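First residue of the sequence shown? That's 1 in UniProt numbering, and the numbers climb one at a time after it. Just so it is clear, CB atoms sit at the ideal spot from N, CA and C, and this is done for glycine as well. As the structure is a prediction and not an experimental result, all values here were calculated from the model.
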Amino acid sequence: MIPQLTGIMKNEGKSGEDRISQLSDDVLCHILLFLTTEEAIATSLLSTRWRFLWRMLPFLDIQCSKPIIKSHKSVNTFLALRITQNITRFHLKCNSHSCCSHYVEQWVSAVKARKLEHLDISLCMCHRSVINFATLFTCATLVTLKLEGLFNLSIPSGVHLPKLKSLHLHIHAFTSFSSIRNLISGSPALELFHLRQNWYLSHFNELKIVRNSRVIQLLQRKWFYNLVIQSDRYYDFVPDYLESGSRSNIVKAKVYMTVFGGIKDFYANQFVCETLKELCNVEFLSLGDFRLETYPSSLDLPLLKNLVELRLSLENRDSLYMELPGKCPKLEVLEVNIMDDRCGGNQRCKYRIRGGVREHDLSIVPFSPETTLLES
């Protein structure tokens with residue numbers, strides 16, 4: 001964009017009129033919003049009219065700290081050049097192995113004191129094992145926060161982010177539920193929390209929590225399963241989910257659990273049984289298992305004493321299909337989808353249950369994709 005501005009000003013110079021430079025400071029600063037900080041600084045060479053405009057910008061968009069530190073010796077020396085003291089948006093992105101990681105804590109400490117609202121830091125090749133952002137988690141003006149990199153994140157016990165609405169963490173190391181609970185409890189205005197942790201190329205852990213005017217939704221995902229819990233906005237189950245030993249307190253929420261292939265049967269079966277034990281008091285459960293392997297003849301299933309509606313989607317008609325409905329004394333609706341090629345394709349049935357007796361038995365009938373579309 002800098003060459004384009006230079007070309008325009010040269011063309012206007014031939015007619016003796018520099019119309020761009022005659023624009024107000026507000027308009028020119030708005031133009032500079034589309035540039036990185038390095039590019040905005042470069043516009044000071046266009047003419048004397050542009051010389052100090054970059055110092056008036058309420059944002060910093062830095063691709064690499066090294067040129068700035070080399071020219072100005074330190075972060076504070078560079079920031080002292082600015083005319084506008086407030087920095088509402090700070091974006092630091094660096095693909096180098098080391099240069100920005102040495103200065104990122106200085107940047108955060110400096111911009112936090114300038115009424116920072118939006119922070120986005122991406123250090124994809126950072127070589128440091130731990131970066132200390134402790135002061136960041138008490139920033140009373142912060143609205144959005146995004147941290148990404150191959151580093152460990154130390155989260156303090158005392159978090160105070162009263163205006164934070166969106167929090168994205170894409171980091172390398174494991175973050176405990178107690179740390180996540182501190183983040184969420186210290187962010188009362190939070191609408192979106194998204195955590196993704198990568199250990200290996202195919203092994204990851206993802207946690208996403210959404211709060212809006214209609215629903216509260218939690219997604220926990222690993223390489224072999226998805227778990228979604230959803231409720232209306234008046235029933236906040238998230239604190240109980242994040243508190244060890246308290247998931248059995250969750251009742252008025254819908255649970256959707258899906259298990260995929262690519263993992264030893266023992267671990268997948270253990271995950272299903274342990275998750276059902278933790279969430280044994282919910283009223284709605286949808287369980288999909290798309291592995292070709294069957295469950296063992298006997299499962300350690302809990303009593304789901306409050307379950308009213310159960311949906312099963314299975315690759316095989318195995319022991320889970322036979323045993324789980326019997327663990328639900330209050331069950332009223334049972335829907336079963338069997339996706340077994342050995343039986344000639346997909347089959348489904350839906351039952352109403354009263355007093356433990358299935359009524360309106362539709363039997364298991366084959367259905368095709370066309371039939372499904374018609375029914376929907």
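N205 and H72 have their C-alpha atoms roughly 41 Å apart. For L33, same chain residues with a beta-carbon under 8 Å away, outside a window of 5 residues either side, are L57 and F59 in chain order.
In the three-state reduction of the DSSP assignment, L136 falls in the helix class.
In the displayed model, T84 falls within coil according to three-state DSSP, outside both helix and strand. Straight-line measurement puts the Cα of R51 at about 26 Å from the Cα of H118. Apart from the 5 residues on each side of it in sequence, V104 sits with its Cβ closer than 7 Å to the Cβ of L92, I121, L123 and I131 in its chain, given in chain order. In the structure shown, the three-state DSSP call for Q197 is strand. Residue environment analysis places Y241 among the buried positions, since at least 16 neighbouring C-beta atoms fall within 10 angstroms of its C-beta.
Residue state for S109 is assigned as helix, using DSSP reduced to three classes.
In the three-state reduction of the DSSP assignment, C349 falls in the strand class, which pools E and B.
In terms of Cβ geometry, N86 and R114 form a close pair [threshold 7 Å]. In the three-state reduction of the DSSP assignment, T36 falls in the coil class. For Y267, the three-state secondary structure derived from DSSP is helix. One thing to note: I209 has its Cβ within 7 Å of the Cβ of V238. If you look at F90, you'll find it in the beta strand (DSSP E) that goes R89 to C94.
Nearest in C-alpha terms to L192, of all of D61, Q217 and I171, is Q217.
Taking V159 as the centre and dropping the five residues before and after it, the same chain places the C-beta of F137, T138, N182, L183, S185, G186 and S187 closer than 8 Å to its C-beta, in chain order. In the three-state reduction of the DSSP assignment, T258 falls in the strand class, which pools E and B.
The DSSP-derived three-state label of Q217 is strand. Burial state of K70 is exposed, judged by a 10 Å Cβ sphere holding fewer than 16 other Cβ atoms. Between the C-alpha atoms of T36 and D61 there is a straight-line separation of about 5 Å.
Residue state for I250 is assigned as coil, using DSSP reduced to three classes. Using a 10 angstroms sphere on the CB of K305, the tally of other CB atoms stays under 16, which defines it as exposed. By the criterion of a C-beta distance shorter than 7 Å, L279 is surrounded in its chain by R247, I250 and V255, once the five residues flanking it on both sides are discounted. Pairing E315 with M339 gives a Cβ-Cβ distance under 7 Å. In chain order, L227 and L287 place their CB closer than 6 Å to the CB of M257, counting only its own chain and leaving out the 5 sequence neighbours on each side. Distance from the CA of Y235 to the CA of A253, rounded to the nearest whole angstrom, comes to 8 Å. R233 counts as exposed, since fewer than 16 other C-beta atoms from the protein chains shown sit within 10 angstroms of its C-beta.
With respect to the 7 Å criterion, Q197 and V215 are not classified as neighbours on the basis of their beta carbons. Nearest in C-alpha terms to S179, of all of Y225, F151 and E243, is E243. Apart from sequence neighbours up to five positions away, the residues of its chain that approach T141 with a beta-carbon distance below 8 Å are K115, L116, E117 and K163, ordered along the chain. Rounded to the nearest whole angstrom, the C-alpha separation of I83 and L45 is 18 Å.
The shortest CA-to-CA distance from F260 to any of Y267, W107 and F224 is the one to F224. In the three-state scheme derived from DSSP, where H, G and I count as helix and E and B as strand, K165 is classed as coil.
Per the C-alpha coordinates, the member of S166, L153, L301 and S157 positioned closest to H172 is L153.
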